[in-house]
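Letter by letter, the sequence shown follows residues 4 to 478 in the numbering used here.
For glycine and all other residues, C-beta sits at the position ideal for the given N, C-alpha and C.
Keep in mind that this is a model prediction, so the values were computed, not measured.
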Amino acid sequence: MSVGSDQRVVFDDRGDAYTIFPTNRWGGSVWEVLLLHWLHDQDRWEVHALPSDLSYALLEHYDAYNDKSRPPVILANSYYNDGDAIVGHELFLIVPTRNSDGTLTLPAPVLLTDDAIHTYPGNGGSNLVITRGRYSYIVWAASQAVMSSGKSRVNGTPTYIIRYDHETRGLSEPVFLGLGGTAIDDHNTPAITIDRDGYLHVILGAHHQSFLYTKSLRPHSIDRGGWSTPSRIGGTTPGPEDPECISDTCDGYTYVSLIADQQNNLHLAARWAGSIGPVYSDGSTSHYSAQLVYLRKKSGEDWERRRSLVIPHHPTYSHWYQRIDSDRTGRLFLYYSYYADRLYSEEVEAYQAKWPEEAPLRYHANQSSTSCAANSPCYTTGPTSMYTMPLSERCECSYYRSVKEHDPVLLISDDGGDSWRIAVTNDFLIPDPLPSVGGRTVIPAGSIQRASKVPKEPRLKNLPRSKRGQKSGGP
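The structure is reproduced here in structure tokens:
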């Protein structure tokens, strides 16, 4: 993943591959963005540059019931930071068309709205656009507030949906779905999917609040008044029912990752910071523990209570950069790469010992943190010990500007989300007999040689470590 674009590789029914690649940086946060297209039958790549005034870009990626017969559509923003202010809130749709020789043509972008928060790929990597038949359905978070009657403050990030008609190349009117979170916040990016019957499912994003879920009341319809009332998901009641909770609503969700499966079930992964953190030697605890959690909604049922998949030892701030996906056989995959900040002195030492080739971490005290005591040593003496620091002085004011995310992990569930484990080599070998979906063989027999036995894992100790870039985005 990279600042500027989501570098997923997306495949269509022909076996062609597509990915977005950001190149040189210019004008603040704007990147020149390329679409790379691999022609399966010709075994070659072609490259298309997106218009130069577009920056953040996302491909529609695989979902159980979206259309894979055509090249994936692209969402792109005109967003950039000129150093003084964020400029450009236009959101565009690009609909690649396939030529007779298999190559692509990129027509002029279609303006969807001039009031969208940028499509930051670190926000869970869910689809913001889903295509089925002649229509693409696009959701976005708006940058301008919607004031409810009788209220005098911003009370969430407005979320909208619009429909694009591939036959007429026309747009519907945008439809307001609800408010995500409690303020205008680029963390409150929504997510959309579609089920077997054509019903649309949308999650309104949050930043340390509960996600909101709404569903279209008719298939393939976005009509005003044609949606279920947005309802909180993941929230429970503190106490014996949910002993981890430290808030009244057990919320604390951020970064939605959403996918549908072939049985019309919905699967969601997110960061959850509604629990207490580790217990220290003096009996005190940290402010919270940012866990990677999983929620599921079986077809026709309510959302299940969240399940913790990964619980960090590190207290306070963590980011997982997670992505949830499925394959053509219905298996679920959950990728994450762990990032931690607000490090204590012991963690700084461990980080630099584990990755000595990286630049030394640069300490920065967060003077604006309201959770820090006025006399906290964070302000005066630099990083503190997580084990010896008094509870009254323990806070979240130590940032490290050069911390990177590390240790990518791929989890797999082959029972529809009932259980999860770390994926291993055998999970990617072609089975015999080959599986089928809807009576069709998933992988044509003979197209790839089967492995007679599990190959030995490569020895990696002499290979250089990859150098990944710093991520943007706040807590």
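Based on DSSP bridge pairs, tell me the residues matched to residue i.
{"i": "Asp328", "result": "Phe336"}
{"i": "Pro161", "result": "Leu182"}
{"i": "Ile262", "result": "His270"}
{"i": "Phe214", "result": "Ile236"}
{"i": "Arg166", "result": "Tyr140"}
{"i": "His409", "result": "Tyr341"}
{"i": "Thr196", "result": "His204"}
{"i": "Ser322", "result": "At residue 322 the sequence reads His, which differs from the Ser that was named. According to DSSP, which records beta bridges pairwise, His322 is partnered with Tyr342."}
{"i": "Met364", "result": "A small correction: the amino acid at residue 364 is Leu; Met does not occupy that position in the sequence shown. None, per the DSSP bridge assignment."}
{"i": "Thr22", "result": "Val12 and Leu39"}
{"i": "Val482", "result": "As displayed, the chain neither begins before 4 nor continues past 478, which places residue 482 out of reach and without an answer."}
{"i": "Ile97", "result": "Ile77"}
Where does residue i sit, in a helix, a strand or coil, going by DSSP?
{"i": "Ala67", "result": "coil"}
{"i": "Thr257", "result": "strand"}
{"i": "Arg17", "result": "coil"}
{"i": "Ala293", "result": "strand"}
{"i": "Asp226", "result": "coil"}
{"i": "Val6", "result": "In this prediction, Val6 scores a pLDDT of 49, lower than 50, which makes its location untrustworthy; the coordinate-derived value is nonetheless stated afterwards. Reduced to three states, the DSSP call for Val6 is coil."}
{"i": "Ser1", "result": "Residue 1 cannot be examined here, being either before or after the span of the chain that is shown, 4 to 478."}
{"i": "Lys300", "result": "strand"}
{"i": "Tyr354", "result": "helix"}
{"i": "Ser72", "result": "coil"}
{"i": "Thr428", "result": "helix"}
{"i": "Ser422", "result": "coil"}
{"i": "Glu35", "result": "strand"}
{"i": "Glu307", "result": "coil"}
{"i": "Gly472", "result": "Note that Gly472 has pLDDT 33, beneath the 50 cutoff, so the model's placement of it is unreliable and the number below is only indicative. Here Gly472 sits in coil by DSSP."}
{"i": "Glu49", "result": "strand"}
{"i": "Ser219", "result": "strand"}
{"i": "Ser231", "result": "coil"}
{"i": "Ser175", "result": "coil"}
{"i": "Pro447", "result": "Reliability of the predicted coordinates at Pro447 is poor, the pLDDT of 45 falling under 50, and the value obtained from them is presented with this limitation in mind. Note: Pro447 maps to coil in three-state DSSP."}
{"i": "Ser480", "result": "Past the boundaries of the shown model lies residue 480; the chain is included only from 4 to 478, so the question cannot be answered."}
{"i": "Gly30", "result": "Residue placement at Gly30 is poorly supported in this model, since its pLDDT is 48, which falls under 50; the coordinates still yield a value, given next. DSSP places Gly30 in coil when its eight states are reduced to three."}
{"i": "Ala377", "result": "With a pLDDT of only 47 at Ala377, under 50, the local geometry of the prediction cannot be trusted, and the value read off the model is given with reservation. Three-state result, Ala377: coil."}
Contact criterion: CB-CB distance below 8 Å. Does residue i meet it with respect to chain D?
{"i": "Asn69", "result": "No chain D appears in the structure shown, which is made up of a single protein chain."}
Flag this pair as yes or no: are the beta carbons of residue i and residue j separated by less than 8 Å?
{"i": "Ala145", "j": "Asp118", "result": "yes"}
{"i": "Thr134", "j": "Glu63", "result": "yes"}
{"i": "Ile225", "j": "Ser175", "result": "yes"}
{"i": "Ile195", "j": "Leu271", "result": "no"}
{"i": "Gly184", "j": "Ala148", "result": "no"}
{"i": "Lys71", "j": "Asp16", "result": "yes"}
{"i": "Gly237", "j": "Tyr258", "result": "no"}
{"i": "Ser260", "j": "Ile327", "result": "yes"}
{"i": "Gly229", "j": "Ser219", "result": "yes"}
{"i": "Leu182", "j": "Thr217", "result": "no"}
{"i": "Cys344", "j": "Val406", "result": "A quick correction: the sequence has Asp, not Cys, at residue 344. Contact flag set, yes."}
{"i": "His51", "j": "Leu38", "result": "yes"}
{"i": "Thr22", "j": "Val36", "result": "no"}
{"i": "Asp66", "j": "Ala263", "result": "yes"}
{"i": "Val142", "j": "Val76", "result": "no"}
{"i": "His2", "j": "Tyr163", "result": "In the structure as shown, the chain starts at 4 and stops at 478, and residue 2 therefore has no counterpart that could be examined."}
{"i": "Asp198", "j": "Tyr68", "result": "yes"}
{"i": "Arg299", "j": "Asn268", "result": "yes"}
{"i": "His211", "j": "Ala276", "result": "yes"}
{"i": "Ala79", "j": "Leu115", "result": "no"}
Q. Should the segment 291 to 311 be regarded as contacting the segment 95 to 112, the criterion being three or more beta carbon pairs within less than 8 Å?
A. no
Q | Given 8 Å, three or more beta-carbon pairs between the segment 329 to 349 and the segment 408 to 428 | A | In short, these stretches touch, since the Cβ pair count reaches three.
Q) Pairing CB atoms from the segment 167 to 178 with CB atoms from the segment 200 to 213, are three or more of them under 8 Å? A) no
Q) Within the chosen definition, does the segment 180 to 195 reach the segment 51 to 62 through at least 3 CB pairs nearer than 8 Å? A) Counting Cβ pairs under 8 Å, fewer than three are found: no touch.
Q | Minimum length 4: unbroken alpha helix (DSSP H) runs contained in the segment 101 to 150 | A | none
Q: Check whether the segment 315 to 332 touches the segment 292 to 303, counting contact only when three or more Cβ pairs, one atom from each stretch, lie closer than 8 Å.
A: yes
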